[in-house]
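A.B. asks: One structure is given below, represented as structure tokens, and several questions about it will come after.
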Amino acid sequence: MFGLLDSWSARIYALLLLVLAAAPFIFDWIDQPFYLDLLSRGLILAIAVVSLNLILGFGGMVSLGHAAYIGIGAYAVGIPSYYDYYNGWLHLALALAVSAVFALVTGAVSLRTKGVYFIMITMAFGQMMYFTFLSLEEYGADDGLVIYSRSEFPDFISMDSSTGLYYWIFGLLLASLLFVHRLVHARFGRVIVGSRFNEQRMQALGFDTYRYRLACYVISAMMCGVAGMLLGNFTSFISPDMIGWARSGELIFMVIIGGVASFMGPLVGTLVFVILEEALSAITVYWHLIFGIMLVALVLFGKGGIHGWLCLLDRQRSEHD
Amino acid sequence: MDWNLLITQLMNGLQLGLLLFLLASGLTLIFGIMDFINLSHGSFYMIGAYFCGSIVAYTGSFVLGILIGLVGVFIVGALVEWFIARKLYREDHLDHVLVTFGLILIFDTLVHILWGSSGMAIPLPDVLNGQVTLGSLVLPTYRLLIIAAGLLVAAILYILVTKTRLGMLIRAGASNRTMVEALGVNINRLFLFVFALGAAMAGLAGMLIAPITEASIGMGNDIIIIAFVVVIIGGIGSVKGAFYAAMLLGLIDTLSRSYLDLLLGLTMPSEYAETAAPALSAMLVYILMAAVLAFRPQGLFPPAGMK
């Protein structure tokens, strides 16, 4: 998408972004405001999934506690609002800062380990966050916290209307897609990707891979914190349920549907997940069963996700030409 | 100081520790030997509880419920190994996470379909429902039984792993799988057995706790995380490590919930202590894990000869 529109996958992605940019007008025109809500939620989660894909896809760090940062971002809106501080820049700064600190501390410990250990440790730290919010009686504990008013951005785009909020979300999603693309193609990203394939070689080249990975982990967490801040504003009700490890599992699922270590895959995967969830849960209460079977089948048979299939299409087309 | 309360809390901690051990010993063996990360291990815990509950409801016998339930979970575990886990041992850990996460969704929904969404209470026989009086202490019989059963299983497992030929093969499989295969041992059958045994032990934990908490959907999904922490602290692949770590975490988790506010009250005003204590006790287990990892990334009791 960032180069020329010379392949089918790039054209499809460009079209998708165009449709997303015009979505509020389209849904307004066909008079279906509900779909804008669905799409807003999807794009918020997409930011989180883009951030997860940065460490999981490009960096090979399988974090099973990423939803914790969604929680931190959401509570960065909820707790100040509880004390009547509605300034959005404050919320945003808080979401970024707390995510960064938590990621720096837990990442410093987790990244000392590899493989199975890393997966379990990130999951355990995520659960730590979950139980911490669960024990905060002052902020509703498991009953959750209602946010009565959205973050205020004086002299800037207001979040109060659903269209305003949507463009906040869309703008930040675009920014995170571009940012990850830049980052991965920069020297920093090369080191991250390189140490996924062969860490020893990167070290032999003189890179302190631990520091690079930690920096990458913190950046990803901060992006996810922003997604949480948006989600808090969008749902206006937050609870520890947003953070449990099953949520982190779903985020990984979305990465896989879209295609690991691709730039647009996370967006596509998240949209497919959210739409399927909506459609299937309308049909049957047992929709989790279908998701579970899909997930097992995707891993056993359908490597590469949607992005992988689109690339396959590209290859077939180019053989025709 | 209320000594009766302290002893009751110690018993609760011991009970939680043994339940954690039943879950974690299977997990740690599956990790250590097959290098397989099984998020759905908690599903066996849940399935065990539902199997037991149904059989108790049908036959009226708690003992039969446990025995037939154990066989049932063993078979479910074997099926999961045979059809799914076996195909993934040589794949990436990410694939393990995804597939077993999918299995959780499948098992949770299947339980929902078969048994409905409300929980299932399991009645205890009158013999177990009573209390035992020791001097001024009154202890519930069933809790004593859980502790006794947990210790018994731990002892059996210890003998199985350290004293028998099968245990020798398990340990050998953990340290050098290719060599064991070369010596003519059917490693697939060994893996199948270990996986199913782990499932049965998790199922037993579920059966033991269900009469107290009742069986419910997703009941394994919270406790399994602490079981993971146990595995990490104890050292992956080490049954002995899992035992000590489970006891430690069980006691710390239980005691901190009831006594941390008193302890914090010594150093800060009590109203702050009352707010801080629940949050801190919720985090304590994970802080301990972080501390262990910072100083001994391989866990407290890494199995000898691994890696």
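Protein chains in written order, with the numbering used here: chain A, 506 to 826; chain B, 3 to 309.
Don't be surprised by glycine CBs; every beta carbon is placed ideally from N, CA and C.
Predicted model only: the values in this text are computed from it and were never measured.
1. With 8 Å set as the bound, which would you pick, yes or no: does the beta-carbon of residue 549/A sit closer than that to a beta-carbon of chain B?
2. Taking Cβ positions, are residue 526/A and residue 541/A nearer each other than 8 Å?
3. State the CB to CB distance for the pair residue 584/A and residue 653/A, rounded to an integer number of angstroms; the pair is presumed to be in contact (CB under 8 Å).
4. Do the CB positions of residue 30/B and residue 233/B come within less than 8 Å of each other?
5. Can you list the residues of chain B that residue 791/A reaches, using a CB-CB cut of under 7 Å?
6. Residue 739/A: buried (16+ other C-beta within 10 angstroms of its C-beta) or exposed?
7. Are any of the Cβ atoms in chain B nearer than 8 Å to that of residue 813/A?
8. Assign residue 539/A to one of two classes, buried (16 or more other C-beta atoms within 10 Å of its C-beta) or exposed (fewer than that).
9. Comparing the C-beta of residue 288/B with each C-beta of chain A, is any distance below 8 Å?
10. Evaluate residue 507/A with the Cβ neighbour count: other Cβ atoms within 10 Å of its Cβ, from every protein chain shown; 16 or more gives buried, anything less gives exposed.
11. Would you check if there are 3 or more beta carbon pairs closer than 8 Å linking the segment 235 to 250 of chain B to the segment 153 to 173 of chain B?
12. Alpha carbons only, please: which of 294/B, 14/B and 291/B is nearest the one belonging to residue 150/B?
13. Please work out which residues of its chain come closer than 6 Å, Cβ to Cβ, to residue 700/A, disregarding the five sequence neighbours upstream and downstream, and give them in chain order.
14. Indicate whether residue 608/A and residue 680/A have their beta-carbon atoms separated by less than 8 Å.
15. My parser needs the alpha helix (DSSP H) runs of 4 or more residues fully inside the segment 165 to 231 of chain B; what are they?
16. Please name the residue, chosen from 17/B, 298/B and 289/B, that lies closest to residue 146/B on a Cα-to-Cα basis.
17. At a CB distance below 9 Å, what residues from the segment 89 to 101 of chain B approach chain A? Give them in sequence order.
18. Please name the residue, chosen from 292/B, 289/B and 262/B, that lies closest to residue 278/B on a Cα-to-Cα basis.
19. With DSSP as the reference, label residue 632/A as helix, strand or coil.
20. With distances taken between CB atoms, is the gap from residue 302/B to residue 235/B smaller than 8 Å?
21. Cβ closer than 8 Å: which chain A residues qualify as neighbours of residue 51/B?
22. Name the chain A residues whose beta carbon is nearer than 8 Å to that of residue 291/B?
23. Would residue 570/A and residue 656/A qualify as a contact pair, given that the criterion is a beta-carbon distance under 8 Å?
24. For the segment 740 to 753 of chain A, enumerate the residues whose C-beta is nearer than 9 Å to any C-beta of chain B, in chain order.
25. Tell me, to the nearest whole angstrom, how far the beta carbon of residue 773/A is from that of residue 546/A; I am working on the premise that it is less than 8 Å.
26. Which stretch, first to last residue, makes up the beta strand (DSSP E) that contains residue 140/B?
27. With a threshold of 8 Å between beta carbons, is residue 616/A in contact with chain C?
28. For residue 103/B, decide whether its Cβ has a neighbour in chain A, counting only Cβ atoms nearer than 8 Å.
29. Rounding to the nearest angstrom, what Cα-Cα distance links residue 829/A and residue 764/A in this structure?
30. Go ahead and pull the three-state DSSP assignment for residue 537/A.
31. Assign residue 723/A to buried or exposed, taking buried as 16 or more other Cβ atoms, counted over all protein chains shown, within 10 Å of its Cβ.
32. Any chance the segment 746 to 755 of chain A sits against the segment 664 to 676 of chain A, with 3 or more Cβ pairs inside 8 Å?
33. Does the distance from the CB of residue 616/A to the CB of residue 719/A come in under 8 Å?
34. Does the distance from the C-beta atom of residue 248/B to that of residue 22/B stay below 8 Å?
35. Where do the ends of the beta strand (DSSP E) carrying residue 616/A lie?
C.D. replies: With the structure as the only source:
1. Start at 1 with the first residue of the first sequence, and residue 549/A comes out as number 44. It does not: the Cβ of residue 549/A has no partner Cβ on chain B nearer than 8 Å.
2. One-based indexing of the first sequence puts residue 526/A at position 21. One-based indexing of the first sequence puts residue 541/A at position 36. 8 Å or more divides the Cβ of residue 526/A from the Cβ of residue 541/A.
3. Looking up residue 584/A in the first sequence gives position 79. Looking up residue 653/A in the first sequence gives position 148. Between residue 584/A and residue 653/A a beta carbon distance of about 13 Å is seen, past the 8 Å cut, so the two are scored as non-contacting.
4. Counted from its first residue, the second sequence places residue 30/B at position 28. Counted from its first residue, the second sequence places residue 233/B at position 231. Yes.
5. Reading the first sequence from its first residue, position 286 is the one you call residue 791/A. By Cβ distance, chain B contributes 111, 114 and 115.
6. On the first sequence, residue 739/A is found 234 positions in, with the first residue counted as 1. Buried is the call here.
7. Indexing the first sequence from 1 puts residue 813/A at position 308. No, because no Cβ of chain B sits closer than 8 Å to the Cβ of residue 813/A.
8. As a working note, residue 539/A is residue 34 in the first sequence. By the 10 Å Cβ count, residue 539/A comes out exposed.
9. Here residue 288/B corresponds to residue number 286 of the second sequence, with the count starting at 1. Yes, residue 288/B lies at the interface with chain A (some Cβ there is under 8 Å from its Cβ).
10. Indexing the first sequence from 1 puts residue 507/A at position 2. Confidence at residue 507/A is low in this model, with a pLDDT of 48, below 50, so the placement of that residue should be treated as unreliable; the coordinate-derived value is given next. It is exposed - the Cβ of residue 507/A has fewer than 16 other Cβ atoms within 10 Å.
11. yes
12. Locating residue 150/B in the second sequence gives position 148, counting from the first residue. Cα-wise, what sits closest to residue 150/B is 14/B.
13. Along the first sequence, read from residue 1 onward, the residue named residue 700/A stands at position 195. Result list for residue 700/A: 707 and 714, in chain order.
14. The count along the first sequence starts at 1 and reaches residue 608/A at position 103. The count along the first sequence starts at 1 and reaches residue 680/A at position 175. No.
15. 167 to 177, 179 to 184 and 189 to 215
16. The residue given as residue 146/B occupies position 144 in the second sequence. Residue 17/B holds the alpha-carbon nearest to the alpha-carbon of residue 146/B among 17/B, 298/B and 289/B.
17. 89, 90, 93, 94, 95, 96, 97, 98, 99, 100 and 101
18. Numbered from 1 along the second sequence, position 276 holds the residue referred to as residue 278/B. Nearest of 292/B, 289/B and 262/B to residue 278/B, Cα basis: 262/B.
19. Indexing the first sequence from 1 puts residue 632/A at position 127. Reduced to three states, the DSSP call for residue 632/A is helix.
20. As a first step, residue 302/B is located in the second sequence; it is residue number 300 there, counting from the start. As a first step, residue 235/B is located in the second sequence; it is residue number 233 there, counting from the start. A contact, by the Cβ cut-off of 8 Å.
21. Here residue 51/B refers to the residue found at position 49 of the second sequence. Within chain A, no residue comes near residue 51/B; the closest Cβ sits about 19 Å away, beyond 8 Å.
22. As a first step, residue 291/B is located in the second sequence; it is residue number 289 there, counting from the start. The answer, in chain order, is 626 and 629.
23. To locate residue 570/A, count along the first sequence from 1; it is residue 65. To locate residue 656/A, count along the first sequence from 1; it is residue 151. Taking 8 Å as the Cβ cut-off, residue 570/A and residue 656/A do not qualify as a contacting pair.
24. 749, 750 and 751
25. Against the first sequence, residue 773/A aligns to sequence position 268. Against the first sequence, residue 546/A aligns to sequence position 41. Residue 773/A to residue 546/A, Cβ: 16 Å. No contact.
26. Within the second sequence, the letter at position 138 stands for residue 140/B. 139 to 142 is the span of the beta strand (DSSP E), which, as asked, contains residue 140/B.
27. No chain C appears in the structure shown, which is made up of the protein chains A and B.
28. Position 101 of the second sequence, counted from the start, is the residue given in the question as residue 103/B. For residue 103/B, the answer is yes, since a Cβ of chain A falls inside 8 Å of its Cβ.
29. Not covered by the structure: residue 829/A. The range shown for chain A is 506 to 826.
30. Counting from 1 along the first sequence, the entry for residue 537/A is found at position 32. It is coil, neither helix nor strand.
31. For the purposes of this step, residue 723/A is taken as residue 218 along the first sequence, with counting starting at 1. When all chains shown are included, residue 723/A counts as buried.
32. Result no; under three Cβ-Cβ pairs closer than 8 Å.
33. If you number the first sequence from 1, residue 616/A lands on position 111. If you number the first sequence from 1, residue 719/A lands on position 214. Result yes, Cβ atoms of residue 616/A and residue 719/A sit closer than 8 Å.
34. Here residue 248/B corresponds to residue number 246 of the second sequence, with the count starting at 1. Here residue 22/B corresponds to residue number 20 of the second sequence, with the count starting at 1. Result yes, Cβ atoms of residue 248/B and residue 22/B sit closer than 8 Å.
35. As a position in the first sequence, residue 616/A is number 111, starting the count at 1. Here residue 616/A belongs to no beta strand (DSSP E), and DSSP marks it neither H nor E.
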